[in-house]
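Q: Chains as they are written, first to last, in our numbering: chain A, 545 to 886; chain B, 545 to 886. The beta-carbon is built from N, C-alpha and C at its ideal position, and this holds for glycine as well. On a predicted model such as this, the values are computed, not experimentally measured, just so you know.
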């Protein structure tokens, strides 16, 4: 049966590098949204617990409930949260209307838009939002932003950071005035944190870096030795001896160029979240065998007869081939694929 | 909350068209593998039961067990099946080794490779396979092939069909000789069936066509009026009034060309199986608003302020944009997205 292997040593290695950079493990929060970027929500939550990580961020309430037992807090980045969810499931607030929908007593983190023009309240709504949170009886545990320019050259990253400093100052003052505990502040992504020397935030939400990747411009963040955590392995279904010229798969788009060869099919296809390689794409297995397009929904053909093949050990190559980023390659993997922690 | 809407009337309409073509509903089998091509395995199984469909084909044992109560037989196309699975879970056999792994008494369908050079036993292995099935005490309920050239011009489709006729004759003779019941025979895909006037097979495995698509060369199969079953809807998270020139999303790759506009974010991203549109792609919602790249993992931005937007009502457009086929666009949708049958 096909499986995704999760390399726990690579993961711990990445966490250690990131903790060293930000100064302490306590400052490291993990982003486990979207089934932990395809790595398996529960599997990664357990590894994080083993590593002593206290704070996680996930997609929504459903993901938060599944891993709440393993963290001090799990923040649902999208959607609302119902009263009956565990108390350590926090909710990120994106708009004034949303604040009014959250049941009294829930811990919340206020998202502020510092220039990405995407989610969160606008800076000019800050005071109204803080008042609404208090009026609604919510517990303001955090104030967050997201640096949408962390991967890019240019000044936008720094102007976003300065705006967040202004937000922090105003919230701190508001908390003092009203005798409220100071919430935690966090605005940096993986690359945002790694390009920053002096991090003022109380914690850093590390997403892609914990899984072993950075997608920043090379002048922005230099290589720090992260290791990819996930690899994709497929098992052999059948092997055939085929003559030169034999055509394989849908539309016979692959033609065997060599003299008689063994060709095998393996149990991974695009229905598992792998890409549908067609005749415009060239890709080898990690061991160097040719993957023969077209990939089917549930299987693919490879020249050779190994019992198992590694179809991917670094998402960067597929990302380049499909004009995208490793995030998309990783999150595509079907949750029904078995995850095996090694 | 974002959702996939399953148009039951479109689905019933497609089933009816296909039943008319093959002559009777009894000849229609449904391919519900890979979460019913992303449509939702359980939701589609229930609609099939309502329509009176008796035979289904799925990816593996896990899928088969989930929907076994709704069909006379459910065939797992890949992998093995354990003794404790319900008796109406049948298994497709791809190799001689696999035959020896299946527990005695299980109903099986033998897959024969008639020229796709992908899965199934070779024709020259047919007699050995039939003997092994009998020796192993398995119940041969079906013999199948797959027409890998159904979508293409050229003679390969017909030569595959002729080879399957030969296989059928040999198996029928073997069954007569050994006093075994005649198994069912099926080799055609959606386009293979629709290009055939006189179908000899006992049933036809309809996959993509039941969901409203055909991907065949237009000279091979003409338009028959199938209707797409699935559409993707997203809910508004926030709306902002942005000035001309405002930059939106990661790297600020979208710049607002118009005078001050409302721009909203919606709760679908590539983490849900939608595509990560980047600055090289142009796509509108079904209502005609611009989707602003880059799409994020959990959200995307659209010019406008509707409460909900339809991001896709026909997978063909996304398929063209990403050099693929509707199958891949559909099966990518996360099983965690809510399916709503309308």
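1) Between the C-alpha atoms of residue 593 of chain A and residue 614 of chain A, what's the straight-line distance to the nearest angstrom?
2) Which one or two residues does DSSP pair with residue 749 of chain A in a beta bridge?
3) In angstroms, rounded to a whole number, what distance separates the CA positions of residue 595 of chain A and residue 549 of chain A?
4) Could you work out which residues of chain A lie near residue 786 of chain B, taking near to mean beta carbons separated by less than 8 Å?
5) Could you give the residue range of the alpha helix (DSSP H) that holds residue 947 of chain A?
6) Would you mind sorting residue 778 of chain B into buried or exposed? The rule is 16 or more other CB atoms within 10 Å of its CB.
7) Residues of chain A with CB closer than 7 Å to the CB of residue 656 of chain B, please, in chain order.
8) Taking Cβ-Cβ distances below 9 Å as the criterion, which residues of the region 848 to 882 of chain B are in contact with chain A?
9) Among B/838, B/798, B/623, B/815, whose alpha-carbon lies nearest the alpha-carbon of residue 789 of chain B?
10) Going by DSSP in three states, residue 694 of chain B sits in which element: helix, strand or coil?
11) Residues of the region 807 to 820 of chain A with a CB closer than 9 Å to any CB of chain B: list them in chain order, please.
12) Going by other Cβ atoms of all chains shown within 10 Å of its Cβ, with 16 needed for buried, is residue 545 of chain B buried or exposed?
13) So if I threshold CB-CB distances at 7 Å, which residues from the region 691 to 716 of chain B count as touching chain A?
14) Would you identify the three-state DSSP class for residue 722 of chain B, choosing helix, strand or coil?
15) What residues from chain D crowd round residue 843 of chain B, counting only those whose CB sits closer than 9 Å?
16) Looking at C-alpha atoms only, which residue of B/877, B/754, B/745, B/609 is the closest neighbour of residue 713 of chain B?
17) Below 8 Å on the Cβ atoms is my contact criterion, and I expect residue 642 of chain B with residue 624 of chain B to pass it. Report the Cβ-Cβ distance as a whole number of Å.
18) Is it the case that the region 806 to 816 of chain B contacts the region 715 to 724 of chain A, given that we only count it when at least three CB pairs across the two stretches are under 8 Å?
19) Which residues in chain A have a C-beta closer than 8 Å to the C-beta of residue 792 of chain B? List them in chain order.
20) Applying a beta-carbon distance threshold of less than 7 Å, which residues of chain A neighbour residue 666 of chain B?
21) Rounded to the nearest angstrom, what separates residue 590 of chain B and residue 582 of chain A at their Cα positions?
22) Cβ of residue 836 of chain B within 8 Å of Cβ of residue 853 of chain B?
23) With DSSP as the reference, label residue 711 of chain A as helix, strand or coil.
24) I'd like the list of long-range same chain contacts for residue 850 of chain A, defined as Cβ closer than 8 Å, with 5 residues on each side in sequence excluded.
25) If you compare alpha carbons, which of B/568, B/575, B/567, B/553 is closest to residue 733 of chain B?
26) Contact between the region 722 to 742 of chain B and the region 875 to 882 of chain A: three or more CB pairs below 8 Å?
27) Determine the extent of the beta strand (DSSP E) in which residue 547 of chain A is found, giving its start and end residues.
28) To which residues of the same chain is residue 584 of chain B closer than 6 Å at the C-beta, ignoring the five residues directly before and after it?
29) Go to residue 682 of chain A, then tell me how far its alpha helix (DSSP H) extends in each direction, as first and last residue.
30) Given 8 Å as the limit, is there contact between the region 838 to 847 of chain B and the region 562 to 580 of chain B, that is, 3 or more CB pairs closer than that?
31) Take the Cβ of residue 742 of chain A as the centre, count every other Cβ of all protein chains shown within 10 Å, and call the residue buried at 16 or more, exposed below.
32) Using alpha carbons as the reference points, say which of A/696, A/690, A/763, A/654 lies closest to residue 684 of chain A.
33) So is residue 659 of chain A buried or exposed if we call it buried at 16+ other beta carbons inside 10 Å?
34) Consult DSSP for residue 656 of chain B and reduce its assignment to one of helix, strand or coil.
35) Can you check the region 762 to 818 of chain A for any alpha helix (DSSP H) of at least 4 residues that lies completely inside it and give the ranges in chain order?
36) Does the beta carbon of residue 745 of chain A sit closer than 8 Å to a beta carbon anywhere in chain B?
A: By the coordinates alone:
1) Each residue's Cα considered, the two are about 6 Å apart.
2) Looking at the DSSP output, residue 749 of chain A bridges to A/573.
3) So the two alpha carbons sit approximately 19 Å from each other.
4) Within 8 Å Cβ-Cβ: 661.
5) An answer regarding residue 947 of chain A cannot be provided, because it is not within the stretch 545 to 886 covered by chain A.
6) Burial call: buried.
7) Within chain A, no residue has its CB atom less than 7 Å from the CB of residue 656 of chain B, the nearest being about 12 Å off.
8) Taking 9 Å as the cut-off between beta carbons, the residues of the region 848 to 882 of chain B near chain A are 866, 867, 868, 869, 871, 872, 875, 876, 878, 879, 880, in sequence order.
9) Ranked by how close their Cα comes to the Cα of residue 789 of chain B, the residues B/838, B/798, B/623, B/815 have B/798 in first place.
10) Three-state result, residue 694 of chain B: coil.
11) Those residues of the region 807 to 820 of chain A that come within reach of chain B (Cβ to Cβ, closer than 9 Å) are 807, 809, 811, 813, 814, 815, 816, 817, 819, 820.
12) Counting Cβ neighbours within 10 Å, residue 545 of chain B comes out exposed, since fewer than 16 surround it.
13) Correct list: 692, 693, 695, 696, 700.
14) Three-state DSSP puts residue 722 of chain B in coil, outside helix and strand.
15) Although the question refers to chain D, the structure presented lacks it and instead comprises the protein chains A and B.
16) When only C-alpha atoms are compared, the closest one is B/745.
17) Beta-carbon to beta-carbon, residue 642 of chain B and residue 624 of chain B are separated by about 7 Å, close enough to satisfy the 8 Å threshold.
18) Not touching, per the Cβ criterion.
19) The answer, in chain order, is 660, 661, 662.
20) Neighbours of residue 666 of chain B on chain A, chain order: 784.
21) Going by the C-alpha atoms only, they are around 29 Å apart.
22) Not in contact: residue 836 of chain B and residue 853 of chain B (Cβ atoms no closer than 8 Å).
23) Three-state DSSP puts residue 711 of chain A in a helix.
24) Cβ within range, chain order: 780, 808, 831, 833.
25) Scanning B/568, B/575, B/567, B/553 for the CA closest to the CA of residue 733 of chain B turns up B/575.
26) A contact between stretches requires three or more CB pairs, one per stretch, nearer than 8 Å, and the region 722 to 742 of chain B fails this requirement with the region 875 to 882 of chain A.
27) Looking at the DSSP string, the run of the beta strand (DSSP E) that includes residue 547 of chain A is 547 to 550.
28) In the same chain as residue 584 of chain B, and ignoring 5 residues on each side of it, the C-beta atoms closer than 6 Å to its own belong to 883, in chain order.
29) Annotation: residue 682 of chain A is outside any alpha helix (DSSP H) and is labelled neither H nor E by DSSP.
30) Too few Cβ pairs lie closer than 8 Å, so no.
31) Of the residues assessed, residue 742 of chain A falls on the exposed side of the cut-off, its CB having fewer than 16 other CB atoms within 10 angstroms.
32) Proximity to residue 684 of chain A across A/696, A/690, A/763, A/654 peaks at A/654, based on C-alpha coordinates.
33) That one is buried.
34) Shown here, residue 656 of chain B sits in a strand according to DSSP, grouped into three states.
35) List check, alpha helix (DSSP H) in window: nothing returned.
36) Using a CB distance cut-off of 8 Å, residue 745 of chain A does not count as an interface residue toward chain B.
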